[in-house]
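Listed below in structure tokens is the structure:
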């Protein structure tokens, strides 16, 4: 190579080498310590960024580096540099010394790392969250290396500001908001904030009727979804109704479980209601399903039952008694007693209009319906109608079927009525009748004056002995029940001589105790 060409080459290369000085941090320089001697031999130009750690004469030290930095001629080191001040030192290593030496060809005092990070942060838009996090991560490495609490606090502020900005920006975007539950390495989010975000996401998704998977996802992330709570604090409920997410953020752990259950109830109840037919024909089935899974939804269950009752009332006249029982019970259960009475009257009116009231079977059927209404539905005013139909049925049965008439009579007696003197009496009133009343005595199987021989024989049977005494005007018979020397009853009859034996009447009764 000619001297001229070589001269030109040196002129070009020297500036290039100076321009291409490797920029290294104190940390990366330490990591490359085994190459320092090589770099010294090559006179490799390096720019080291680090922190000021002290000086002796004109020599300086940098934190974490066991290197003597010696300024070349013309390089001035300021007299007063605060400990920990960031420096950018240019130069190269020198071999042959016991302690590594670095000849400084340049020295720049830089702003603090906190200032540098804040200046760089201002240049990154809030929408560039990834870049802001990367910046925080870079300075986190520096803060850790130097154990710099101030810088570490600034790093955390940067991350927090970025995270809060994201959270605010995405507050109505469930998909973007969900990514903040785990925003990435280096970003520590508390469990409470993570759960706040999850709950907010599910509130947004719950408001979207088209989100069909929200219920299953909610079950996986909100552990309070299946913990029923019959009662909930009114102030907490009001706060939830006003702002679900805010109420959750302010709640303690037990209250959070209640709010998670509330949110689940909202979504699940909406699902149940979506199965309700437009005519409410399946409202009672839906009500049962809601009760089994969401027993706290008292108002919703009541409304569904009321809708189901209304559906049944449309065809109340044609219901079977079993169906009517259920409808009446339902109306009373939900506090619609007046509607229950109207339904009963409507149904009973229909029965009276279609049943043959002049026939025994119709009379018995209506008696059963009215009496059922008085007992099963607690509508006492219908008892008298049921009794009247039973009495009419007894009259019909006494001609058509004595066996049935006897059964009806027994039923009436159970209801407090007794047949006497061709009339029905309230049983309690019979106590007011005289004990000598023959018909009453017959019912009670007692012997009283005025009874015929046939009536006495019907009660006591045939006598042990019969004795007859006659006169011109009358005949007197004596019936003895029981053997001599034992307790016995003596009944005396009398009749006119011209009359038959059947006309004899009891004129005396005597009870004799045995000896």
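Residue numbers (the working numbering): -2 to 512.
Here a beta-carbon is modelled for each residue, glycine too, at the ideal position from N, C-alpha and C.
Looking at the backbone, the Cα of residue 474 and that of residue 392 are separated by about 38 Å. Non-local beta-carbon contacts of residue 216 in its own chain, meaning distances under 7 Å to residues more than five positions away in sequence, involve 222 in chain order. Between residue 224 and residue 254, the C-beta spacing is below 7 Å. Rounded to the nearest whole angstrom, the C-alpha separation of residue 378 and residue 265 is 44 Å.
Going by beta carbons, residue 278 and residue 308 fall inside the 7 Å limit.
Per DSSP, the continuous beta strand (DSSP E) segment holding residue 83 begins and ends at 83 to 91. Residues 22, 85 of the same chain have their beta carbon placed closer than 6 Å to that of residue 46, with the five preceding and five following residues left out of the count. In this structure, 64 is the residue among 64, 146, 119 with its C-alpha nearest to the C-alpha of residue 94. DSSP, reduced to helix, strand and coil, places residue 444 outside both helices and strands of the structure shown, so it counts as coil. In the three-state reduction of the DSSP assignment, residue 72 falls in the coil class, being assigned neither a helical nor a strand state. In this structure, the alpha-carbon of residue 502 lies about 43 Å from that of residue 368.
The shortest C-alpha to C-alpha distance from residue 456 to any of 445, 293, 118 is the one to 445. With contacts defined by Cβ atoms closer than 7 Å, residue 394 and residue 384 do not form a contacting pair. According to DSSP, residue 245 shares a beta bridge with no other residue. The Cβ-Cβ distance between residue 409 and residue 387 falls below 7 Å. In its chain, beyond the 5 residues on either side, 489, 491 have a beta carbon closer than 6 Å to the beta carbon of residue 504. Taken in chain order, the complete alpha helix (DSSP H) segments of 4 residues or longer contained in the segment 445 to 488 are 450 to 457. If you look at residue 221, you'll find it isn't in any beta strand (DSSP E); DSSP assigns it neither H nor E.
Linking residue 465 to residue 396 through their CA atoms gives a straight-line distance of about 40 Å. Per the C-alpha coordinates, the member of 510, 25, 246, 71 positioned closest to residue 100 is 71.
If you ignore the 5 residues before and after residue 461, its C-beta comes within less than 7 Å of the C-beta of 477, 478, 479, 480, all in its own chain and listed in chain order.
The beta carbons of residue 48 and residue 83 sit about 6 Å from each other, so the pair counts as a contact at 8 Å. In the DSSP assignment, residue 19 is bridged to 43. Residue 177 is a Cβ neighbour of residue 164, given a cutoff of 7 Å.
If only uninterrupted alpha helix (DSSP H) runs of at least 4 residues are considered, those enclosed by the segment 276 to 326 are 280 to 290, 295 to 310. 42 is the residue among 506, 42, 257 whose C-alpha sits nearest the C-alpha of residue 103. Following the DSSP letters along the chain, one finds residue 274 in no beta strand (DSSP E), marked with neither H nor E. Under the three-state reduction of DSSP, residue 65 is assigned to strand.
Taking 7 Å as the cut-off, the Cβ atoms of residue 245 and residue 196 count as close.
Per DSSP, the unbroken alpha helix (DSSP H) holding residue 194 starts and ends at 188 to 203.
Judged by DSSP secondary structure, residue 365 falls within the alpha helix (DSSP H) whose first and last residues are 357 to 372. Residue 32 sits exposed, since fewer than 16 C-beta atoms from the chains shown fall within 10 Å of its C-beta. Excluding sequence positions up to five before and after residue 442, its CB lies within less than 7 Å of the CB of 456, all in the same chain and listed in chain order. In this structure, the straight-line span from the alpha carbon of residue 158 to that of residue 260 is close to 30 Å.
The continuous stretches of beta strand (DSSP E) do not include residue 383, which lies in the alpha helix (DSSP H) extending over residues 380 to 397.
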